[in-house]
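One structure is given here, and the rest of the page talks about it.
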Amino acid sequence: MKKNRLVRHAAALAFGIASGHAFAEINIGVILSLTGPAASLGIPAKSTVALWPKEIAGQKLNVTVLDDASDSTAATVAARRLVQENRVDVLVGPSVTPTSLAALQVAGESATPMISLGGSGALIHPQEGPRRWVFKMPPSEEIQLAVIFEQMKRNHEKTLGFVAINNAYAQTFLDVAQKMAPQNGVKIVDVERYNATDTSFVSQALKLIAAKPDAMFIAAAGTPAATPHIEIRQRGYGKTIYQTQAVANNDFLRVGGKSLEGTYLPVSPLLVAEQLPQDNPVKPVALDYLKRYEGQHGPDSRSLFGGLAWDAWLILDRALPIALKSAQPGTAAFRQALRDAIENGQELVLTHGVYKMSPTDHNGADKRSQVMVKIEGGKWRYVPETTSPSK
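Letter by letter, the sequence shown follows residues -24 to -1, 1 to 367 in mature numbering (1 follows the signal peptide of the UniProt record, and there is no 0).
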């Protein structure tokens, strides 16, 4: 009897192999900042991963989520564990640029495709070495800064003070801003830096204010971006402050409080989905995600960083069935096929915009990935492109 069962099992297994991948399981490794300074980004992403389906194209999805504690070394350890022990077919995350830069080395070494939720172009440029295996979700710095410079023109602002947290995310923004500012008639009059763990920004704030810029721009992610913002306001600066979309979560609003009133930031259309014009292509996709997410976590619980995790899934939802046609999950051939399927993606409408990856562009977002938002009454308010500031 036992022998017969073994024979039947072997026959069933052989049938599964012969028919392609009937018994295959797809392993996805997710690395997020669930603790540490970037936790406000990682936690909503984890909540979104819980909304992913349990199977695709008849294949079971095994999803393993690890916390990197917002630490680059921990991100490397997590990535190695996922590719060596869990034998994942794809990595999603980490949450921010520094941890993603660490994990991408592992992705490249193991030839595992990785969809980063970090924002810097340094994750995908230049497209060589390990970066050939990496894709990123947030739009480029050029797209975000273009929205800011357009708003500065409407506000008649000609000079800019620049605040940069000490990491690759802010450095890339600074590098791009220094190139784009002259082209937009803007002069950067001072640059001040700080660390995510700093509790004071007094000396830097005084230097910035002394430079008398028409506006200030803070390049940082999550709640650490509130530290310089609060200090600049407390020192009496009453002009425009711009932030990046990496602060678009409720924790940032809570920590920054009233000092954030009047702040402008270019963000994903997802943040203000209900306020978008009806002809915006992102609106229905964003509203669908919000119905799922806020249905689980309550009204106004949305976060762009949760949306990024949903967009990563939407990309995999298209790419995984394509890869399954040519290779078995768990193999190098499948990982290569999945990388190629993501890279050669058709135009996809996601919660953050319209994306089309290519061999030379592992982000793929266009200008439809950003709208301008203003913080008013502790809420995000959509600012149409033709709107000038109220006096």
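Note that the Cβ used here is the ideal one computed from N, Cα and C, for glycine as well.
Burial state of residue 107 is buried, judged by a 10 Å Cβ sphere holding 16 or more other Cβ atoms. For residue 43, the pairing in a beta bridge is given by DSSP as 8. Residue 225 and residue 20 do touch by the CB rule: their CB atoms are close to 7 Å apart, below 8 Å. Annotation: the continuous alpha helix (DSSP H) that includes residue 284 extends over 280 to 300.
Inter-segment contact for the region 87 to 100 and the region 66 to 73 is present: three or more beta-carbon pairs are separated by less than 8 Å. 9 Å or more divides the Cβ of residue 137 from the Cβ of residue 177. In the three-state scheme derived from DSSP, where H, G and I count as helix and E and B as strand, residue 227 is classed as helix. In this chain, the beta strand (DSSP E) harbouring residue 242 covers 240 to 243. A residue is called buried when at least 16 other Cβ atoms come within 10 angstroms of its Cβ; residue 52 meets this threshold and is buried.
Ranked by how close their Cα comes to the Cα of residue 158, the residues 239, 292, 134 have 134 in first place.
Residue 57 and residue 335 have their alpha carbons spaced roughly 28 Å apart. Per DSSP, the unbroken beta strand (DSSP E) holding residue 92 starts and ends at 90 to 92.
Inter-residue distance for residue 236 and residue 350 is about 9 Å (C-alpha atoms, whole angstroms).
Within the region 44 to 85, the beta strand (DSSP E) runs of at least 3 residues that lie entirely inside it are, in chain order, 66 to 68. In the DSSP annotation of this structure, the continuous segment of the beta strand (DSSP E) that includes residue 195 starts and ends at 191 to 195. Cβ neighbours of residue 208 within its own chain (closer than 6 Å, five residues either side excluded): 181.
Minimum Cα-Cα distance from residue 300 among the listed residues 287, 49, 315 corresponds to 315. In the structure shown, residue 131 adopts helical secondary structure according to DSSP, grouped into three states. Residue pairing of residue 355 in beta bridges, as defined by DSSP: 352. Per DSSP, the beta-bridge partners of residue 324 are 331. For residue 169, the enclosing beta strand (DSSP E) covers residues 163 to 170. Going by DSSP, residue 24 is part of the alpha helix (DSSP H) stretching over 15 to 25. Judged by DSSP secondary structure, residue 178 falls within the alpha helix (DSSP H) whose first and last residues are 178 to 186. Judged by their CB atoms, residue 359 and residue 240 are nearer to each other than the 9 Å cut-off. Nearest neighbour of residue 131 by Cα position, chosen from 14, 274, 218, turns out to be 218. In terms of Cα proximity to residue 47, the closest of 272, 59, 11 is 11. For the pair residue 321 and residue 294, the CB atoms are nearer than the 9 Å cut-off.
The alpha-carbon of residue 220 is positioned some 13 Å away from that of residue 127.
Taking the Cα positions, residue 31 is about 5 Å away from residue 37. Residue state for residue 100 is assigned as coil, using DSSP reduced to three classes. In this structure, the beta-carbon distance from residue 216 to residue 190 falls below 9 Å. Taking residue 325 as the centre and dropping the five residues before and after it, the same chain places the C-beta of 257, 258, 261 closer than 7 Å to its C-beta, in chain order. The residues 65, 299, 303, 304, in chain order, have a CB closer than 7 Å to that of residue 310 in the same chain once the five nearest residues on each side in sequence are set aside.
A contact between stretches requires three or more CB pairs, one per stretch, nearer than 8 Å, and the region 200 to 214 fails this requirement with the region 107 to 116.
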